[in-house]
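Quick note: the sequence shown uses the numbering used here, first residue 12, plus one each step. Have a look at the structure below before the remarks.
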Amino acid sequence: MSGDVVYRSSLAWNAERPATIVITCVDGRWYGHFQEFARTHLGAGPQVDFIALPGGVEPFALAELAPDDFEAVRRRLQGLLAVRDARRIVAIAHDDCAWYLGRTIRSAAGTVRDQQIADLVRAAAVLREMVPDATVELYFARLADGSPEQVVFESIPTHP
Ligand SMILES: [Zn+2]
């Protein structure tokens with residue numbers, strides 16, 4: 012049984028499943044930049060699976076401190092992996108992230124950026140264990156100096 016159609020997408024349907032999964036924050040100021048980065052820089056094709064949640068990849072870094080959060084996102088990633096052959100997992104953190112600015116769990120890492128990068132690296136180890144066949148890449152998005160402001164992406168090594 013179908014409901015009343017209220018809108019028809021102008022995009023053509025493509026049933027091919029992408030090989031890349033990108034894990035990001037939901038922040039709408041940054042999200043369009045993440046999508047462009049995935050298409051243009053990562054060359055991940057017009058269709059990319061995104062897992063977007065406030066704070067991005069953070070739950071994968073907090074398996075011990077927040078096991079319920081970890082388990083929730085782990086199950087969802089497993090659900091995606093069950094229907095595709097994911098060869099590449101990309102995690103992107105971003106500057107001025109409200110989730111991290113409000114976060115109360117802190118490790119010894121210094122600045123908020125240091126904490127985010129430490130979490131990216133820890134999450135990468137967890138993701139590699141979960142998906143041994145996939146490569147894991149890490150990036151940090153921030154505003155560049157200058158006017159008008161532009162968003163730039165830094166590559167973050169997966170090992171500290
Ligand atoms: Zn954020």
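Every residue, glycine too, gets a C-beta built ideally from N, C-alpha and C. Computed from a predicted structure; not experimentally measured.
In this structure, P70 keeps its C-beta atom at 8 Å or more from the C-beta atom of D60. Taken atom to atom, the span from the alpha-carbon of P78 to that of V84 is near 10 Å. Three or more Cβ pairs closer than 8 Å define a contact, and the segment 89-103 meets that threshold against the segment 149-160.
For P168, the number of other beta carbons within 10 angstroms of its own is below 16, and it is reported as exposed. DSSP, read as helix, strand or coil, puts H170 in coil. In the structure shown, V84 falls within a helical segment according to DSSP collapsed to helix, strand and coil. By the C-beta density criterion, L73 is buried, having at least 16 other C-beta atoms within 10 angstroms.
The beta carbons of M141 and L76 sit no closer together than 8 Å. Proximity to E160 across G66, A26 and W41 peaks at W41, based on C-alpha coordinates.
Assignment of T115 by DSSP, reduced to helix, strand and coil, places it in the coil class.
Between ligand 1 and the CB of D125, the shortest heavy atom gap is not smaller than 7 Å. Excluding sequence positions up to five before and after A55, its CB lies within less than 6 Å of the CB of T31 and A49, all in the same chain and listed in chain order.
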